[in-house]
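Take a look at the structure set out below.
Residue numbers (the numbering used here): 9 to 215.
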């Protein structure tokens with residue numbers, strides 16, 4: 009599994025986005041993904057980022073990014089304004105994740121959601137062994153200093169998708185430099201989902 013700018017999820021996202029698409033990247037950081045998508049997929053992208061220093065870096069890269077709270081920024085866009093809305097490694101940091109997910113599926117024809125899987129066996133073992141908030145290589149923060157405010161798993165996300173009748177068009181699970189398919193709720197470090205509209209959503213065992 010190759011990386012883009014040191015991010016495995018970026019590589020997967022780059023493959024999911026069709027050439028010459030319109031893209032909105034929520035929590036886009038320094039605009040690295042937007043820049044790559046423009047150069048390699050000819051995508052027309054915009055980004056929303058809260059941190060001023062990252063916005064400046066993104067603009068310096070040539071990305072179209074504005075500073076704002078992604079949870080309220082979605083209200084400014086009309087329905088189906090973009091082909092894809094991307095939320096990579098950010099959902100667990102939002103205050104109202106369901107509101108954000110509904111907003112991105114309103115604004116975009118498809119959503120790409122990538123998140124760390126708190127069901128990974130190292131997280132489970134850390135809690136069992138220490139009796140404290142998990143601290144692993146994937147989640148190195150102290151509980152009082154962590155940007156993560158919602159702790160959910162691959163299984164949780166799939167159950168939410170079924171409840172909301174979203175269609176999970178693609179599901180890709182990563183562990184280190186490889187994709188995993190067996191018991192992803194237990195073995196995957198990162199889940200990447202291509203999501204759209206209303207559908208029953210396929211059911212599958214996830215560990």
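Even for Gly, the Cβ is constructed at its ideal location relative to N, Cα and C.
For clarity, every value in this text was computed on a predicted model and none was experimentally measured.
Check your understanding: Is the number of C-beta pairs between the stretch 191 to 200 and the stretch 122 to 133 that are closer than 8 Å three or more?
Key -> yes
**Study point:** Span separating the alpha-carbon of residue 9 from that of residue 188
**Key:** The sequence position of residue 9 within the chain shown is 1, counting from 1. The sequence position of residue 188 within the chain shown is 180, counting from 1. With a pLDDT of only 42 at residue 9, under 50, the local geometry of the prediction cannot be trusted, and the value read off the model is given with reservation. Between residue 9 and residue 188, the C-alpha separation is close to 11 Å.
Practice item. Pull up the distance between the alpha-carbon of residue 202 and that of residue 45, whole angstroms please. Key: As a position in the chain shown, residue 202 is number 194, starting the count at 1. As a position in the chain shown, residue 45 is number 37, starting the count at 1. Roughly 16 Å separates the two Cα atoms.
Review point. Residue 111 by DSSP, collapsed to three states: which one?
Key: Here residue 111 corresponds to residue number 103 of the chain shown, with the count starting at 1. Residue state, collapsed to three classes: helix.
Review point. What is the DSSP secondary structure of residue 138, counted as helix, strand or coil?
Key: Your numbering for residue 138 matches position 130 in the chain shown. Residue state, collapsed to three classes: helix.
Point to revise | From 67, 138 and 92, residue whose alpha carbon lies closest to that of residue 221 | key: Because residue 221 is not part of the residues shown, which for the chain are 9 to 215, the question remains open.
Practice item. With DSSP as the reference, please indicate the residues paired to residue 33 in a beta bridge. Key: Within the chain shown, the letter at position 25 stands for residue 33. Looking at the DSSP assignment, residue 33 forms a beta bridge with 55 and 94.
Check your understanding: Buried or exposed: where does residue 57 fall if 16 or more other Cβ atoms within 10 Å of its Cβ makes it buried?
Key -> Taking the first residue of the chain shown as 1, we reach residue 57 at position 49. It counts as buried.
Exercise for review: Give a yes or no on contact between the stretch 46 to 56 and the stretch 102 to 117, applying the rule of three or more CB pairs nearer than 8 Å.
Suggested key: no
Practice item. Figure out for me which residue from 73, 113 and 131 has the closest Cα to the Cα of residue 172. Key: Walking along the chain shown from the start, residue 172 turns up at place 164. A check of alpha carbon separations from residue 172 across 73, 113 and 131 identifies 113 as the nearest.
**Study point:** Nearest-angstrom Cβ-Cβ length linking residue 200 and residue 17, presumed shorter than 8 Å
**Key:** Residue mapping note: residue 200 aligns to position 192 of the chain shown, counting from 1. Residue mapping note: residue 17 aligns to position 9 of the chain shown, counting from 1. At roughly 6 Å, the Cβ-Cβ gap stays under 8 Å, so residue 200 and residue 17 are in contact.
Review point. Closest by CA to residue 132, which one among 73, 102, 96 and 160?
Key: The residue labelled residue 132 in the question sits at position 124 within the chain shown. Ranked by how close their Cα comes to the Cα of residue 132, the residues 73, 102, 96 and 160 have 160 in first place.
Review point. The beta strand (DSSP E) spanning residue 116 covers which residue range?
Key: In the chain shown, counting from the first residue as 1, residue 116 sits at position 108. That run of the beta strand (DSSP E) goes 116 to 124.
Practice item. Using three-state DSSP, classify residue 167 as helix, strand or coil. Key: Taking the first residue of the chain shown as 1, we reach residue 167 at position 159. Helix at residue 167.
Check your understanding: Less than 9 Å separating the beta-carbons of residue 35 and residue 66?
Key -> As a position in the chain shown, residue 35 is number 27, starting the count at 1. As a position in the chain shown, residue 66 is number 58, starting the count at 1. Not a contact, by the Cβ cut-off of 9 Å.
Practice item. Can you say whether residue 80 is buried or exposed, counting buried as having 16 or more other CB atoms within 10 angstroms of its CB? Key: Translated into the one-based positions of the chain shown, residue 80 becomes position 72. Exposed, by the Cβ-count rule.
Check your understanding: Looking only at DSSP bridge pairs, what is residue 204 linked to?
Key -> Within the chain shown, residue 204 is the residue found at index 196, counting from 1. 175.
Point to revise | Element boundaries [alpha helix (DSSP H), containing residue 6] | key: For residue 6 there is no data in the structure shown, the boundaries of the chain being 9 and 215.
Point to revise | residue 21 beta carbon less than 9 Å from that of residue 182 | key: Here residue 182 corresponds to residue number 174 of the chain shown, with the count starting at 1. Here residue 21 corresponds to residue number 13 of the chain shown, with the count starting at 1. It is not a contact, given that the beta carbons lie outside the stated cut-off.
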